[in-house]
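Colleague: Under this note's numbering, the residue at position 136 of the sequence shown is numbered 202, and the numbers go up by one with no gaps.
Sending over a structure as structure tokens; questions will come in a sec.
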Amino acid sequence: MDVSPEHQVGHARERFQLQDYYGAIHLLEDVVASGRAFADAHHLLGLSYSLAGQPDKALSQFDRALGLNPNYVEALIHRALVLNELGREDEAIACLSRAGSVGGEARQGFPAHVAAKLANQHAALGEAYYEAGGMVEAIEEYQAALSLGPAFHDLRYKLGRLLLEAGRVLDAREEFEIIVRQRPHFTDAAAMLGLACYLAGDGLAARTVWEECRERRPEDPRVEAYLAMLKRSDSAAEPAPKPARAARRKRA
67 MDVSPEHQVG HARERFQLQD YYGAIHLLED VVASGRAFAD AHHLLGLSYS LAGQPDKALS
127 QFDRALGLNP NYVEALIHRA LVLNELGRED EAIACLSRAG SVGGEARQGF PAHVAAKLAN
187 QHAALGEAYY EAGGMVEAIE EYQAALSLGP AFHDLRYKLG RLLLEAGRVL DAREEFEIIV
247 RQRPHFTDAA AMLGLACYLA GDGLAARTVW EECRERRPED PRVEAYLAML KRSDSAAEPA
307 PKPARAARRK RA
């Protein structure tokens, strides 16, 4: 059975609350290795590494969380704490300053930290709807989440995947294009953009996207599989060659 990353992160959060940081790390590393990690997963893994005495790994995970969600206030604050522990005070001060400025921005009439919390709650409700079979409601909740946190590209990625699954290929393509435009190194989103292009009948765009993905991540077997699929479909679409005409016999 394929366990969703949200469920694994939920189990990891339980281990974290029990102060079983290594248990949480084990679960979260699996999520990260699967390529399906989202900002909360990286942030919790960073926290776990920090409390397990591995600050360099903690910083790496906080950076990855902020790469997906630049306005993740908690990740900024915890990153600053780790930097301060390492004696990198100037960087810590800059990080806290960034957290303060983000926290002062208003979104949809709410302070940024409140909007971020509400966005995550919408996303959690969306996931619950999805697991219950409510695809339409799930999509609406993720859209509500993004109205509160438009820079939360991990949530936008999930929305794009839901739209694809719902058959709304052009809408999915639009979401993945936004992510790739703003986060060009978000390879998973780029791979899904190629798939959305392919399903929309735009094979040329799909090939371009997947070839760029292969350049960035040559070890990813998924991209190779997508390109092979595209090659097979191109071959199937080619017209069969006409049989050569037999030479007519000359009459005696």
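Cβ coordinates follow ideal geometry from the N, Cα and C atoms, glycine included.
These numbers were taken from a predicted model, which means no experiment stands behind them.
Label A313 either buried or exposed according to how many other C-beta atoms from any shown protein chain fall within 10 Å of its C-beta, with 16 as the threshold for buried.
Modeller: On the sequence shown, residue 313 is found 247 positions in, with the first residue counted as 1. Note that A313 scores 47 on pLDDT, short of 50, meaning its location in the model is unreliable and no value can be drawn from it.
Colleague: Using 9 Å as the threshold, is the C-beta distance between L51 and A165 below it?
Modeller: There is simply no residue 51 to check, as the chain begins at 67 and stops at 318 in what is shown.
Colleague: Here's the rule: buried if 16 or more other CB atoms are within 10 angstroms of the residue's CB, otherwise exposed. What is Y88?
Modeller: Taking the first residue of the sequence shown as 1, we reach residue 88 at position 22. Exposed, by the Cβ-count rule.
Colleague: I'd like the ranges of any alpha helix (DSSP H) spanning at least 4 consecutive residues and lying wholly in the region 93–156.
Modeller: Listed in chain order, they are 105–117, 121–134 and 139–151.
Colleague: Which term fits H219, buried or exposed, when burial requires 16 or more other beta carbons within 10 angstroms of its beta carbon?
Modeller: As a working mapping, residue 219 is identified with position 153 in the sequence shown. Buried: at least 16 other Cβ atoms inside 10 Å.
Colleague: Under 8 Å, with one C-beta from each stretch per pair, do the region 220–233 and the region 102–121 reach the 3-pair mark?
Modeller: Touching, yes, given that three or more Cβ pairs across the two stretches are closer than 8 Å.
Colleague: Hey, could you find the ends of the alpha helix (DSSP H) E241 is sitting in?
Modeller: Position 175 of the sequence shown, counting from 1, holds the residue named residue 241. Counting along the chain, the alpha helix (DSSP H) containing E241 begins and ends at V235 to Q248.
Colleague: Quick one: what does DSSP say L229 is sitting in, helix, strand or coil?
Modeller: Translated into positions along the sequence shown, residue 229 becomes position 163. L229: helix per DSSP, three-state reduction.
Colleague: With distances taken from CA atoms, which of A118, R247 and A185 is nearest I213?
Modeller: As a position in the sequence shown, residue 213 is number 147, starting the count at 1. A small fix is needed here, since residue 213 is Ser in this sequence, not Ile. Considering only alpha carbons, the answer is A185.
Colleague: Just to confirm the assignment, what range does the alpha helix (DSSP H) spanning E206 have?
Modeller: The count along the sequence shown starts at 1 and reaches residue 206 at position 140. Per DSSP, E206 belongs to the alpha helix (DSSP H) from M201 to L214.
Colleague: With distance defined between alpha-carbon atoms, name the residue in E80, E278, P136 and G119 nearest to C161.
Modeller: For the purposes of this step, residue 161 is taken as residue 95 along the sequence shown, with counting starting at 1. Comparing Cα positions, the closest option is P136.
Colleague: Please determine if the region 200–216 and the region 229–240 are in contact, where contact requires at least 3 C-beta pairs separated by less than 8 Å.
Modeller: In short, these stretches touch, since the Cβ pair count reaches three.
Colleague: Where do the ends of the alpha helix (DSSP H) carrying G76 lie?
Modeller: The residue you call residue 76 lines up with position 10 of the sequence shown. Looking at the DSSP string, the run of the alpha helix (DSSP H) that includes G76 is P71 to Q83.
Colleague: Just curious, the alpha helix (DSSP H) that R280 is in, first and last residue?
Modeller: Within the sequence shown, the letter at position 214 stands for residue 280. Per DSSP, R280 belongs to the alpha helix (DSSP H) from G269 to R282.
Colleague: When you compare each of L147, E278, R102 and H251 to G119 by their alpha carbons, which one comes out closest?
Modeller: In the sequence shown, residue 119 corresponds to position 53, counting from 1. Nearest C-alpha to G119: L147.
Colleague: Closer than 7 Å by C-beta to L84: which residues in its own chain qualify, once you throw out the five before and the five after it? Chain order, please.
Modeller: For the purposes of this step, residue 84 is taken as residue 18 along the sequence shown, with counting starting at 1. No residues qualify anywhere along the chain.
Colleague: Using a Cβ cut-off of 9 Å (strictly closer), state whether Y195 contacts chain D.
Modeller: Absent here is chain D; the protein component of the structure consists of one chain.
Colleague: Taking the straight line between their C-alpha atoms, what separation do you get for R273 and R239?
Modeller: Position 207 of the sequence shown, counted from the first residue, corresponds to residue 273. Position 173 of the sequence shown, counted from the first residue, corresponds to residue 239. The straight-line gap from Cα to Cα measures roughly 14 Å.
Colleague: Flag this pair as yes or no: are the beta carbons of S100 and P121 separated by less than 9 Å?
Modeller: On the sequence shown, position 34 is the one that residue 100 refers to. On the sequence shown, position 55 is the one that residue 121 refers to. No, the pair does not count as a contact, with Cβ atoms beyond the cut-off.
Colleague: Quick one: is A211 buried, meaning 16 or more other Cβ sit within 10 Å of its Cβ, or exposed?
Modeller: Position 145 of the sequence shown, counting from 1, holds the residue named residue 211. A211 comes out buried.
Colleague: Mind checking H92: buried by the 16 CB within 10 Å criterion, or exposed?
Modeller: Mapped onto the sequence shown, residue 92 falls at position 26. Under this definition H92 is an exposed residue.
Colleague: With a threshold of 8 Å on Cβ separation, who are the neighbours of R227 within its own chain once the five nearest residues in sequence on each side are excluded?
Modeller: Here residue 227 is taken as the residue at index 161 of the sequence shown, counted from 1. If we look at R227 and ignore the five residues flanking it on each side, its Cβ neighbours are A238 and M258.
Colleague: I need the straight-line Cα distance from P284 to G269, nearest angstrom please.
Modeller: Start at 1 with the first residue of the sequence shown, and residue 284 comes out as number 218. Start at 1 with the first residue of the sequence shown, and residue 269 comes out as number 203. Cα-Cα distance, rounded: 20 Å.
Colleague: Among C263, D129 and T253, which residue has its Cα nearest to the Cα of L296?
Modeller: The residue you call residue 296 lines up with position 230 of the sequence shown. Comparing Cα-Cα distances from L296 to each of C263, D129 and T253, the minimum goes to C263.
Colleague: Just to confirm before moving on: does the CB-CB distance between L265 and R280 stay below 9 Å?
Modeller: Your numbering for residue 265 matches position 199 in the sequence shown. Your numbering for residue 280 matches position 214 in the sequence shown. No, the Cβ-Cβ distance between L265 and R280 is not below 9 Å.
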